[in-house]
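In the numbering used here, the protein residues as written are 293 to 722.
Written out as structure tokens, the structure is:
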């Protein structure tokens, strides 16, 4: 028993002695000899960053920047501070990381790490992206930053990754617009459905559900009686999406509209087969997890770019290719057609006069304007003028009779209401 107690005492004594010779965590070791102090600070900050001590790492890097403003590690320390916020994550961390990366690009625009900083700026929005039916602010910001990266750094080794991320972001944006277009079709708002579908087809050529957008576009145009453009979009499903589930239905639509069925594009067929082989398959548990996740599912995004949809001017403007000229409207049968050779021309003049006791204006009077032939035949002019005056008097009398009937009907309705109110007062005394 005494031997065991002595053994444990010796063991704890050795541990305490070893701990006395260890440096404390977070303590800055003062360099000795020819060691570079800025390098030591930078390496220590990297170790803290790798172990997840983000605040300690940022404090170390900031000490380097303040103490050694002309250090060769100044640029790397500035970038490492932004990386610490990025790795920390969270909404506040990603917002601060974006600000630090932009600050880095402002101070070091020609740095070799400028492309990496721009990529991380885009990724801060990518990580905050929500599902297609949610707020799309972060998705639009990510799309803008990835496009900026591709434009500013076309020779960067990160370009392929940026293009794939851009396709994933546009997959989310396009799916959101497609859902809205489908909803407008259910509400029978065909103009709005056409607008949303056209946005999907023109702005997101790499969308994995382009065949669905084409079909909705064709349906909306068919409902609007624009048969030629509708057939064009149905035909695009047959020619450019030969492996789609909508091919048979698109063929049937073309047959019902008596429009020709296009042939399958060999390049589109080869591209569709390659995409089908490389498509990722989601497991059942993965699909269930996506239902409860705030993150969008981008596994269906294409792995390569495809050519833009070929739209002719009549399809962009949604005008039929064989549009006919507009026929001017024919005058009613009871309205006399104008004749330059002779006859009577009638001009309608609005008079602001009102009848006494009412606020309604008098009926419009017809003024007879003689033509050149009337001056030669005054008798014809007099007869036609008298006929017009008689017609005007008859119209005025008819309108007065109608007004009198309406006023009498209103008086009867008011009296009926008074009787009903009186009866109610007798039944319910307050």
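Each residue gets a CB set at the ideal place from its N, CA and C atoms; glycine is no exception.
query: Stretch pair the stretch 486 to 494 + the stretch 449 to 464: three plus CB contacts closer than 8 Å; result: no
query: Whether residue 482 touches residue 433 by CB criterion (7 Å); result: no
query: Residue span of the alpha helix (DSSP H) that contains residue 572, given as start and end; result: First-last for residue 572: undefined, no H or E at that position.
query: Cβ neighbours of residue 354 in the same chain (closer than 6 Å, five flanking residues each side left out); result: none
query: The stretch 387 to 394 / the stretch 340 to 358 touching (three or more Cβ pairs under 8 Å); result: no
query: Reduced DSSP category for residue 541 - H, G, I as helix; E, B as strand; rest coil; result: helix
query: 7 Å CB neighbourhood of residue 507 in its chain, flanking five on each side removed; result: 529, 538 and 542
query: Three-way DSSP call (helix, strand, coil) for residue 365 in this model; result: coil
query: Three-state secondary structure (DSSP) of residue 507; result: helix
query: Length of the line joining the Cα atoms of residue 345 and residue 372; result: 13 Å
query: Cβ shell of residue 572 (< 7 Å), same chain only, five flanking positions each side left out; result: 591
query: Selection from 415, 410 and 477 that minimises the alpha carbon distance to residue 790; result: Here the chain comprises residues numbered 293 to 722, so residue 790 is not present and cannot be evaluated.
query: Contact between the stretch 388 to 405 and the stretch 539 to 559 (3+ Cβ pairs under 8 Å); result: no
query: Nearest-angstrom Cβ-Cβ length linking residue 365 and residue 331, presumed shorter than 8 Å; result: 6 Å
query: Secondary structure of residue 517, DSSP reduced to three states; result: coil
query: Close-in-space but distant-in-sequence residues of the same chain around residue 325 (CB under 7 Å, 5 per side omitted); result: Note that residue 325 scores a pLDDT of 47, beneath 50, so its modelled location is shaky and nothing firm can be said.
query: Three-state class that DSSP yields for residue 428 in the structure shown; result: coil
query: Cα-Cα separation between residue 436 and residue 547, rounded to whole angstroms; result: 43 Å
query: Host alpha helix (DSSP H) of residue 418 (start-end); result: 406 to 418
query: Of the residues 358, 368 and 463, the one placed nearest residue 334, counting alpha carbons only; result: 368
query: Residue 564 and residue 535 closer than 7 Å at C-beta; result: yes
query: Exposure of residue 340, with buried meaning 16 or more beta-carbon neighbours within 10 Å; result: buried
query: Residue 540 vs residue 560 beta-carbon contact at 7 Å; result: no
query: First through last residue of the alpha helix (DSSP H) which encompasses residue 452; result: 451 to 478
query: 7 Å Cβ cutoff met for residue 463 and residue 593; result: yes
query: Cβ neighbour criterion (16 or more within 10 Å) applied to residue 599; result: exposed
query: Nearest-angstrom Cα separation, counted from residue 412 out to residue 380; result: 13 Å
query: Proximal residues to residue 430 (C-beta, below 7 Å), its chain only, five neighbours per side dropped; result: 417, 420, 421 and 422
query: Opening and closing residue of the alpha helix (DSSP H) in which residue 347 lies; result: 346 to 359
query: Host alpha helix (DSSP H) of residue 483 (start-end); result: 482 to 495
query: With 16 other Cβ atoms within 10 Å as the buried cut-off, status of residue 471; result: exposed
query: Contact under 7 Å by Cβ, residue 523 with residue 549; result: yes
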